[in-house]
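So the structure is just underneath, and the comments pick up after that.
2 protein chains.
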Amino acid sequence: MRKDPTGRALQLLSLLQTHRLWRSAELAERLEITERTVRRDVDRLRDLGYRVDATPGKHGGYRLATGAHLPPLVLDDGEAVALAVGLRYAAEAAIVGMEETSLRALTKIEQLLPHRLRRRVSTLHSNVASIRREADDDIIDPEALSVLAAACRDREEVRFDYRRHDGDNSRRLVEPHQLVTAGRRWYLVAWDQQRRDWRTFRLDRLREPQPAGGHFTSRQIPGGDAASFLAGSLGSIPRLYEAEIAVNAAFAELESALRWVDHTPIEMEADACRVQIRSEDLGRLAMTVARIALTAPVAVIEPAELADTVRRLAAHLTEP
Amino acid sequence: MRKDPTGRALQLLSLLQTHRLWRSAELAERLEITERTVRRDVDRLRDLGYRVDATPGKHGGYRLATGAHLPPLVLDDGEAVALAVGLRYAAEAAIVGMEETSLRALTKIEQLLPHRLRRRVSTLHSNVASIRREADDDIIDPEALSVLAAACRDREEVRFDYRRHDGDNSRRLVEPHQLVTAGRRWYLVAWDQQRRDWRTFRLDRLREPQPAGGHFTSRQIPGGDAASFLAGSLGSIPRLYEAEIAVNAAFAELESALRWVDHTPIEMEADACRVQIRSEDLGRLAMTVARIALTAPVAVIEPAELADTVRRLAAHLTEP
DNA sequence: CGCATTGCGGACAAGATCGGTCCTCGGTAG
DNA sequence: CTACCGAGGACCGATCTTGTCCGCAATGCG
C-alpha cells in the first residue's frame, strides 16, 4: 500500500522543480498515488515552507513558485541514464573540443553520485561505442554558444561574420532571440537589423560573435515560437527550389515519404492531393518524388526543372 | 512530541547541508527525537541516495559527503557547456521519457554549480529550444539500456524478445559485447548463441532484456571492434534481398548513391558496371536504384521482384 | 447563465510505519 | 586498554498514511 512519503516528497519537489504546470492527475500518475494524496503531499510541502502555487479551473494545476530554494536533490535512475547518454551524445555534438570535455565532465559528476548510480552511469559510459560521422565541416565553438545564449538572455545585440551557403561572407548585426537545435545542427533565430527581417543563422557558419553593446526589446517571432519559425524556414532559407506535385493518393498515405522534407499540403481529396515540397537540393526533391512513386502515381506540376529531372530519372529506369 | 518523518528528513538534510560535523546527540536534540531515531533517519536519507558519511570514535559524527571536503562541483567553462548541451541532446535521444528526464537532471545539477557556471548553464538551458522529431516508432526504454550495459560489463548472457523488421518475433539468447550508437539509433552487438554467429540488434526492436544467468568469455568481434562491425553489417543484417544491377556509368561515379547501402561491385568497366546491392527492404533497394538513375541509366538484372517494383515506380512517374 | 474541469479539504477505517526502549557489536582515538 | 560513538536487531503500542467517498469553490467556455 504505502511506499515512502519522504522519498515522494523529494520526488515531488524534483518534478515541480521544472517550474512547469503540473496537473494533479499527472502528478498522481507519476508518483503512483491517488490525487487525494497528491493534495496531501503538496500540503506537506507547503507546511515545510515551499511555495507551491495552485490554480483551479480548466487550465489549473500546480507550480512551484520561483526562487524557492530547494534541498539538494539526488538524481534518480532515469536521470542518471540521461546524464550518461547525454554527455555521450554531446561528445558527438559537432562542437569543437567537445569529446574530451564532455567525458571529463561526466567523470567529475560521476564522483558525486551515490554508489548505485555511479556504477550505473560508468557502466553505461564504458560499454557504449559510437559510430563516428564523417562530416567535420560543421563544427561550432562552445564559446560562441555561451556568448549567443547570454545575448539572448540579456537582449543584447550581437555582431558576427556569417558565411552563406553560397560562400558569400558578410558582417551581421542582429537581435538574437533564441538558439534552436535541429538534429545535430544549431541555429540562431534573430532579427537582422540591416535586412529588417527575421533570419536564421547556422552556428557553424558564424564566426566570432560579439556583444555589440546595444539592447533591444523582444519582438514577436513569426510562427509563434522560434522552433516553428525555424522549422518553417529551414527548407526555404536558400529557397532554391519550391515544387508542386500532384499525387493520386490520399495525403495521409504520403506520411512516410514526406517525413524528412519540408512540405505543405495544398489540396487534399479522398484519393488525390497536391503538395508543395521545398529543398535546397533538386536531387533531394527528385528522390522525394521517386519515393512517393513507390506507392502512388505522381506528377510534377512545377518547376519545369524538377519535371525534367524526374523525366530523366524515369527514362534512366526504363531505357538503360 | 511532533511526529513527522518527512518533514524531519528534510530538516535533517538542511542541517547536514551545512557540511559541519554533527554528532548524533546534537541532531537528536535539534530534531527532538532519540539518537536511535536519528540513526534511522540517517538511514532513510542514505536509502534515498544521499551520501552521509559517519565516523565512529571520539571525534565521530555525521556529515553530508557531497561537497564536504570535495568542493561542490568544479567544472570549467567548457565542461559546463558540455553539460548543458549534452543533456539537451539527450532529450532527442529517442529514449522514452528522455526529454523531461534529462531536463530535470540538468536542473538538479545546476544547483550544485558555483554561481558563475550556474548562470552560464542556466542561460544556455533556457535560451535553447529544439525542433521535435516526429518519428515516435523507435523509442527505447532507459531500463533496457542499463540492463544491457550491465550485461556487457559483466559478460553475462541476456535473453530478450526481438522483432525483426518483417514483424517476425523470436526469443533470443545472446552474449552481449557492446552497445553502439549510430545517429539516433542504438544497437547491441552480440553473439547469438542459437545462430552461432554475430548479430546486431536494434534496441527499439528488443523487448524486456533480462540477464540469463550464464556467463561467457569475450570473443573477438569480426572487423576489430563493435563500431566497425556494426557499420559493416548495417546494410546486410537480414540480407533478405540481394539484387544485381547494371549501370551505364563508371563505378566510381556511384559513390554517393551507394554510400548508405551494402554493396559489392561485380564488374567494372570504363563506362559501365554491375553491382550487387543488399538490403532488408525492397523499397530501399528501389530507392537506391532511383538514386542512381538520377545520374545514369540503370537496369535491374535480378531479382524479378525488384525489377517489378522499379518498373512500377517508373510507371508512376511517367503516367500519372 | 450553466456546464465541465480542476483544485480543496473533511471524515473514516485499515494497516503499515514509526519511534522509544533495551541491548549487543565494532571501530577509533588517546 | 578503555572510553566514546555509530550500527543495528527486537519488540510493541502510538501514530501516521492512504484510498475512498463526499460536497464545495474557482475558472473558463459556449
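Chain order of the listed sequences is A and B. The first sequence maps to residues 1 to 320 in the working numbering. The second sequence maps to residues 321 to 640 in the working numbering. Backbone N, C-alpha and C fix where the C-beta goes; we use that ideal spot for every residue, glycine too.
- For R438 of chain B, the uninterrupted alpha helix (DSSP H) segment begins and ends at 435 to 446.
- Neighbours of E79 of chain A in chain B, taken as residues at a C-beta separation under 8 Å, are given in chain order as T421, S422, R424, A425, K428.
- T55 of chain A has A:G61 as its beta-bridge partners, per DSSP.
- Closest by C-alpha distance to T37 of chain A, out of A:E143, A:R8, A:Q276, is A:R8.
- If you check each beta-carbon in the segment 610 to 633 of chain B against every beta-carbon of chain A, the ones closer than 7 Å belong to A610, R611, A613, L614, A616, P617, V618, A619, V630, L633.
- Counting only residues of its own chain and dropping the five nearest sequence neighbours on each side, L64 of chain A has a CB closer than 8 Å to the CB of L13, L16, Q17, H19, Y50, R51, V52, D53.
- A residue is called buried once 16 or more other Cβ atoms fall within 10 Å of its Cβ, and M588 of chain B, having fewer, is exposed.
- For secondary structure counted as the alpha helix (DSSP H) over 4 or more consecutive residues, the segment 409 to 434 of chain B holds these complete runs in sequence order: 418 to 432.
- Ranked by Cα distance from Q178 of chain A, the first of A:R184, A:R202, A:Q194, A:R172 is A:R202.
- Apart from the 5 residues on each side of it in sequence, R475 of chain B sits with its Cβ closer than 8 Å to the Cβ of E495, H535, F536, T537, S538 in its chain, given in chain order.
- Inter-residue distance for R205 of chain A and S146 of chain A is about 16 Å (C-alpha atoms, whole angstroms).
- Classified as buried, E157 of chain A has 16 or more neighbouring CB atoms from the shown chains inside 10 Å of its CB.
- In the same chain as A144 of chain A, and ignoring 5 residues on each side of it, the C-beta atoms closer than 6 Å to its own belong to P209, in chain order.
- With a 10 Å radius around the Cβ and a threshold of 16 neighbouring Cβ atoms, D76 of chain A comes out buried.
- Secondary structure at L12 of chain A: helix, using DSSP grouped into helix, strand and coil.
- If you compare the alpha carbons of B:L432, B:V394, B:Q513 with that of H69 of chain A, the shortest gap goes to B:L432.
- Contact annotation, I586 of chain B with R598 of chain B: C-beta distance approximately 12 Å; criterion of less than 8 Å not satisfied.
- Its Cα nearest to that of A212 of chain A, the residue A:L148 stands out among A:E242, A:L148, A:E244, A:A80.
- The C-beta of V478 of chain B comes no closer than 7 Å to any C-beta of chain A.
- Each of A:A304, A:E32, A:A80 was checked against the Cα of K3 of chain A, and the nearest Cα belongs to A:E32.
- The way I'd put it, the segment 617 to 627 of chain B does touch the segment 562 to 579 of chain B; three or more beta-carbon pairs between them come closer than 8 Å.
- The segment 414 to 425 of chain B and the segment 181 to 200 of chain A do not touch, with fewer than 3 CB-CB distances between them shorter than 8 Å.
- Taking all protein chains in view, the Cβ of K428 of chain B is crowded by 16 or more other Cβ atoms within 10 Å, so the residue is classified as buried.
- At a cut-off of 7 Å, the C-beta of R120 of chain A has a neighbouring C-beta in chain B.
- In the DSSP annotation of this structure, the continuous segment of the beta strand (DSSP E) that includes G213 of chain A starts and ends at 206 to 215.
- Counting only residues of its own chain and dropping the five nearest sequence neighbours on each side, R611 of chain B has a CB closer than 6 Å to the CB of A577.
- About 7 Å separates the beta carbon of L550 of chain B from that of A502 of chain B, a gap short enough to meet the 8 Å contact definition.
- DSSP places E29 of chain A in no beta strand (DSSP E) but in the uninterrupted alpha helix (DSSP H) bounded by 24 to 31.
- The bridge partners DSSP lists for C593 of chain B are B:V567, B:M588.
- Contact note: S130 of chain A reaches chain B through V500, T501, A502, A547, using a C-beta cutoff of 8 Å and chain order.
- When secondary structure is reduced to three states using DSSP, A400 of chain B falls in the helix class.
- According to the DSSP secondary-structure assignment, T638 of chain B is paired through a beta bridge with no residue.
- At least one C-beta of chain B is nearer than 7 Å to the C-beta of G7 of chain A.
- Counting the other Cβ atoms within 10 Å of the Cβ of V121 of chain A gives 16 or more, which makes it buried.
- Between A404 of chain B and H445 of chain B, the C-beta spacing is below 7 Å.
- Here the C-alpha atom of D628 of chain B lies approximately 36 Å from the C-alpha atom of A547 of chain B.
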